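A short write-up of the structure that comes next.
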Amino acid sequence: LSLLKDIRDGKKKTLPNHEKSAIRKLDEYLKVSEQHEKCLKKVLIRQQPLEKETVTVAVTEHLLGKLAPGGSCIINENGREMVCCQCGCNERPVYSYTGIGHQDVWHGYTDIVFESHDGIPECIATTQVSSLSSSCAILDQSSPAKRPRIEDDDEFGEDIISEASTLPAERTEDQAIAQIIVFSLLQRQKHPEYQHHLVPNIVISPTDFQIFMYDAVNDILLGSYPLLLFDVETESLRIESVMILWMVLHNRMFCEGIKVDELTDDFKNFDMKSHFRKIVGRKWDVYSTALSENISYFSPAKKRSSLTFDSNWFAKELTYKNTSN
């Protein structure tokens, strides 16, 4: 938030175009946030039962899409009816192909893809109709870390990311993590020149959201607590949540990646890695060199085994020797 504080205090007079654009997006949203709040509440709170596609369109048109760089985002069109927002505004989002991965390993369709100001995909979102809070178990740092595991180690050649709409909250989390791992590996493959490859997946429900980030270079998976979209008492849209989502969507502007060498001493003997390469074994060459994006169709594959995750997270915040980081 130092950028916003510097602008407020007049310490920063000139900004690069992408920073100006990001600030403008936030300002424009906040000016009409009450209208977007009404639309979100009309769909997410008042309308029951909810369909996944209804949630996806509403949060795209009245929250995430309005905060994203350039308003650039696409919704997965694979096998879905292209619908307008159900709040009454009749806004129709952009549908396109969002498939990622490789037929021989993990592959599936992300719900929403957000592009940077340069037009490069850099953030994804996963929607679900049930609250995230009930499925989140975060323990102290002495508990086992959340790491991938293969349910059937003898056969894992035909993994597929299942559709989140068919999964309970716990499995939606696994799907979201699998997607962000593949997405980060894909970005590293497509854009090796990037300063870092720590990229986010926003998992969002009608009541709350959670951020998962994976660093394909350092093999580190991060996750947040579920955060409320609306105030419990007033049902108003929480400005803090809007700010967090804005920063995540513009993560290239605010995030410099994980500086492993600058972490405090208590991380020296702390195993932060997900050990993804070890887990996938002989399939690593596919993950590191042959992933694709914007895929329109995957041929049906028999699901022999799936990647799932230990059910708990470490409650340990990354801290740096230099507190300014």
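Per full-length UniProt numbering, residue 1 is the first one in the sequence shown, and the count goes up by one each step.
Every residue gets a Cβ at the ideal spot worked out from N, C-alpha and C, and that includes glycine.
Just so we're clear, the structure is a prediction, and the values are computed from it rather than from any experiment.
In the structure shown, phenylalanine 230 falls within a strand segment according to DSSP collapsed to helix, strand and coil. According to the DSSP assignment, methionine 213 belongs to the beta strand (DSSP E) that extends over 208-215.
In the DSSP assignment, cysteine 123 forms a beta bridge with Phe114.
Pairing tryptophan 284 with phenylalanine 270, the inter-Cα distance amounts to about 24 Å. Note: isoleucine 100 is bridge-paired with Gly108 in the DSSP secondary-structure output.
Contact annotation: glutamine 128 and threonine 172 have beta-carbon atoms nearer than 9 Å. DSSP, reduced to helix, strand and coil, places cysteine 255 outside both helices and strands of the structure shown, so it counts as coil. Across the structure, aspartate 265 and glycine 257 are spaced so that their CA atoms are roughly 19 Å apart. Counting only residues of its own chain and dropping the five nearest sequence neighbours on each side, threonine 56 has a CB closer than 7 Å to the CB of Ile75, Asp111, Ile112, Thr127. One Cα belongs to valine 232, the other to lysine 20, and the distance between them is close to 33 Å. In the three-state DSSP reduction, glutamate 193 falls in the coil class, being neither helix nor strand. For leucine 40, the enclosing alpha helix (DSSP H) starts and ends at 33-40. Counting along the chain, serine 292 sits inside the beta strand (DSSP E) bounded by residues 292-295.
Remark: fewer than three beta-carbon pairs, one from each stretch, lie closer than 8 Å, so the stretch 22-34 and the stretch 44-59 are not flagged as touching. In the three-state DSSP reduction, leucine 318 falls in the coil class, being neither helix nor strand. The distance from the Cβ of lysine 268 to that of isoleucine 220 is about 15 Å, inconsistent with a contact at the 8 Å cut-off. Nearest Cα to alanine 176 within the set Lys321, Gln189, Ile202: Ile202. Put simply, the backbone Cα of isoleucine 279 is about 15 Å away from that of aspartate 174.
The C-beta distance from leucine 229 to phenylalanine 209 rounds to 6 Å, short enough to meet the 8 Å contact threshold.
Going by C-alpha positions, arginine 80 is about 21 Å away from tryptophan 106. Taking a contact as a CB-CB distance under 8 Å, the pair methionine 253 and alanine 22 counts as one, their CB atoms being some 6 Å apart. As the crow flies, the alpha-carbon of leucine 44 is around 20 Å from that of tryptophan 246.
By the Cβ-count criterion, proline 49 is exposed, with fewer than 16 other Cβ atoms from all chains shown falling within 10 Å of its own Cβ. Per DSSP, valine 280 is one residue of the alpha helix (DSSP H) stretching across 276-280.
Ranked by how close their Cα comes to the Cα of aspartate 104, the residues Thr319, Asn17, Thr289 have Thr289 in first place.
Of Glu293, Pro16, Ala216, the smallest CA-CA separation from glutamine 195 is found for Ala216. Judged by DSSP secondary structure, valine 55 falls within the alpha helix (DSSP H) whose first and last residues are 52-59. Beta-carbon to beta-carbon, proline 69 and leucine 249 are separated by about 7 Å, close enough to satisfy the 8 Å threshold. Taking asparagine 218 as reference, the option from Gly101, Arg188, Lys52, Gly108 with the minimal CA-CA separation is Arg188. Glycine 101 and isoleucine 124 have their alpha carbons spaced roughly 14 Å apart. The stretch 64-97 contains no complete alpha helix (DSSP H) run of 4 or more residues. Minimum Cα-Cα distance from leucine 263 among the listed residues Val286, Thr319, Thr234, Arg277 corresponds to Thr319. With fewer than 16 other CB atoms across the displayed protein chains lying within 10 angstroms of its CB, threonine 234 is exposed.
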